[in-house]
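Residue numbers (this note's numbering): 752 to 1019.
Don't be surprised by glycine CBs; every beta carbon is placed ideally from N, CA and C.
These numbers come from a predicted model, not from an experiment.
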């Protein structure tokens, strides 16, 4: 048996709500719990079948389940395990007519949000549901805030929100205005080339092609290709920036691997 309840219109619409799935093998208990939960202001789904409750969860119809422990089709603890395997973000409140401290501790240890004794204490159940409603409301507000802040945290394809990254973004904006040389240092893989590209995109010459020169690919024989004034001979065209027009901005990467003879001409 399954049914879906509707929220009492008298309940304040300003309250953040969550749908509660109620699972019990006794129809009379289901009806009583459905009435109780809806009077608290929460819409419900009810079923006597654990598999159907799992379908509701998998379909995203509910985030909270109020479940009996003793059921013929599936034990409540086994049901709890199935729920948490599918989605650890779903909260399960278990109910039993045979309460003991040991069983309550075991249920909570295995992931239950709470373990209630039948007949259910209305005040305690309401406290649980209100806490979960506020928890989901806070998560939603945080998610909405992050979505609004994301454009501010994205910097020309780089996403960062730590104070250190925000400082890098600010310095890059300042450097780009003046179209000057900038030295970016840091371990391999930290995004130095991405920052260099961002500086180029904000610079007065953003319309020109951005070129990357890998210094580790340079050899002594083609160092003069990067700067003609260091040699009276015609430059030999080598990798990277050596084939790039003079007006195109360049990013020199892995400069620590640059051959010593090349450093006066290419790596400073």
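* Asked: Would you call residue 949 buried or exposed, if buried means 16 or more other Cβ atoms sit within 10 Å of its Cβ?
  -> So residue 949 ends up on the buried side.
* Of the choices 924, 963, 782, whose alpha-carbon is the least far from that of residue 955? -> Ranking the options by Cα distance to residue 955, first place goes to 924.
* To do: Please determine, among 771, 797, 885, 792, the residue with the shortest C-alpha to C-alpha distance to residue 779.
  => Of the candidates 771, 797, 885, 792, the residue whose Cα lies closest to the Cα of residue 779 is 797.
* According to DSSP, which residues form a beta bridge with residue 816? -> In DSSP, residue 816 forms a bridge with 772, 843.
* Going along the chain, which residues of its own chain have a beta-carbon closer than 7 angstroms to the beta-carbon of residue 791, five neighbours each way excluded? -> Closer than 7 angstroms at the Cβ level, and outside the excluded window around residue 791, lie 877, 880.
* **Buried or exposed by the 16-neighbour rule on C-beta atoms within 10 Å, applied to residue 823** => Its Cβ having fewer than 16 others within 10 Å, residue 823 is exposed.
* Asked: What separation, rounded to the nearest whole angstrom, lies between the Cα atoms of residue 794 and residue 890?
  -> Their backbone Cα atoms lie some 20 angstroms apart in a straight line.
* Contacts around residue 848, its chain only, beta-carbon distance under 6 angstroms, and the 5 residues preceding and following it disregarded -> Taking residue 848 as the centre and dropping the five residues before and after it, the same chain places the C-beta of 869 closer than 6 angstroms to its C-beta, in chain order.
* Any non-hydrogen atom of the ligand MG closer than 7 angstroms to residue 906 Cβ -> In terms of ligand content, the structure shown is empty, and the ligand MG therefore cannot be addressed.
* To do: Thinking residue 943 and residue 935 are a contact (beta carbons under 8 angstroms), I'd like their distance in whole angstroms, please.
  => With a Cβ gap of about 4 angstroms, residue 943 and residue 935 count as contacting.
* Tell whether a beta-carbon distance below 8 angstroms holds between residue 817 and residue 886. => Contact: no.
* Under 8 angstroms, do residue 858 and residue 850 count as touching if we go by C-beta distance? -> The Cβ atoms of residue 858 and residue 850 lie no closer than 8 angstroms to each other.
* Put residue 887 into one of helix, strand or coil per three-state DSSP. => Residue state, collapsed to three classes: helix.
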